[in-house]
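Let me begin by presenting the structure, written as structure tokens, before commenting on it.
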Amino acid sequence: MTMPRSPRKRLLHLLYLVSTLAAATGDQSLSTVVALGANIICNRIPGLVPRQRAICQTRPDLIVAIGEGAQRGIDECRYQFRHSRWNCTGMDNDNVFGRELRIGSKEAAFTYAISSAALVHAIVTACSQGNISDCGCDRTKEGDLNDEGWKWGGCSADVKYGLRFCKKFVDAREVEQNARALMNLHNNEAGRKVIDQHTRLECKCHGVSGSCTMKTCWITLPRFREVGNILKEKYHHDAQLVEAVRARRTRRPTFLKLKNSRTFEKPREISLVYLRGSPNYCERDEATGSLGTHGRRCNRTSPYQDGCDLMCCGRGYNTHQFVKTWQCNCKFHWCCYVKCNQCSERTEEYTCK
Ligand SMILES: *[C@@H]1O[C@H](CO)[C@@H](O)[C@H](O)[C@H]1NC(C)=O
Ligand SMILES: *[C@@H]1O[C@H](CO)[C@@H](O)[C@H](O)[C@H]1NC(C)=O
Ligand SMILES: *[C@@H]1O[C@H](CO)[C@@H](O)[C@H](O)[C@H]1NC(C)=O
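So in the working numbering, spot 326 of the sequence shown is number 329, and the numbers just go up one at a time.
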């Protein structure tokens, strides 16, 4: 087994190893070690609110999946925005500003939705692999015959468990009562809905030489790339600008309505919502959480966001020339060695000024 590179993941990994050992041996003193370890680790994970820390401490078996979910969300965000000026800064705990995107932009909306979806995905996956003590496969329908003549079987994803836990854990972050909290809660839910609405049916045929006279089916999660694609699509085409409506008596924001709607029309549950337009992310700006695009790689010929014109915001770009070399035309010789030629090519790379 290899140790993960980031310190946070290393801690989680260590805790996981000890907790499985404790479970396997039934050793009471090891359980104490686990509890102690959970305490230390949960106190060191940055950015948890007290309620999340409490969940972390009582459920060390879940924190590994929580950590995996966080990483999965960040990785997918970086993939989806790899060609954009904003490239998911503000999402990871190690970022320079040490905090999330401060303005309620569409980008912030995306980060909440993808993180929430990623947590559900990681938890449900861990459940089906038997890594979590109080969940596993959803066997409520097992053995039942479907109208179409096939039988429920296999390991159906326990999506309900994942959604419930995610709601408890992720939504706990919103301790304040303000417009931004309402926005975050909405986007958390929108992310969870994507998982819930895109589960798939997977089936296996049993019968003589694959004849499929008997079929068993179960529910599986969508691939996380698909979830990322759907949320990116929402970011572009299904994000609604909203504002908070205040209750007359308490003056506290109580719900969101579409901005510029006189009829108090509420946003759709499946849409992302945001409170403010986005900065252009061209320059570094702590107030908005923008790192700027100085030094970013760009593509000289692309007409899209990754093109140097758009990426560098008209500031121009630097050209770096270098020679790329690699092994090529490899041939296998009897017996037993491989001989290759050395190929090379001049290439250029461009970075924003
Ligand atoms: C489940 O546990 C195994 C080790 O038993 C580990 O390799 C795997 O990553 C875990 N899966 C999840 C989703 O946490
Ligand atoms: C994101 O962009 C910043 C500069 O804008 C850069 O320093 C950073 O390396 C980029 N991150 C990734 C993951 O590409
Ligand atoms: C640059 O953009 C062009 C046009 O979109 C594309 O064909 C090409 O593959 C891109 N080059 C790199 C290195 O990504």
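All residues carry an ideal CB built from backbone N, CA and C; glycine is no exception.
Under DSSP, L204 shares a beta bridge with I222.
Contact between the region 114-125 and the region 193-203 is present: 3 or more CB-CB pairs across the two stretches fall below 8 Å.
At least one heavy atom of ligand 2 falls within 7 Å of the beta-carbon of N90.
According to DSSP, residue pairing for R300 in a beta bridge involves T354.
Linking C355 to R142 through their CA atoms gives a straight-line distance of about 54 Å. Under the DSSP definition of a beta bridge, M217 partners with H209.
In this structure C206 is in contact with W153, their Cβ atoms being roughly 7 Å apart against a cut-off of 8 Å. Closer than 7 Å to some heavy atom of ligand 2: that does not describe the Cβ of T291.
In the three-state reduction of the DSSP assignment, V67 falls in the helix class.
Inclusion of E177 and N187 in the CB contact set at 8 Å is warranted, their separation being smaller than that value. Non-local C-beta neighbours of V230 in its own chain, meaning closer than 6 Å and more than five positions away in sequence, comprise A120 and V197, ordered along the chain. Per DSSP, reduced to three states, the secondary structure at T328 is strand.
Of the heavy atoms belonging to ligand 2, none sits nearer than 7 Å to the Cβ of G40. If you draw a straight line from the Cα of D64 to the Cα of K327, it comes to about 46 Å.
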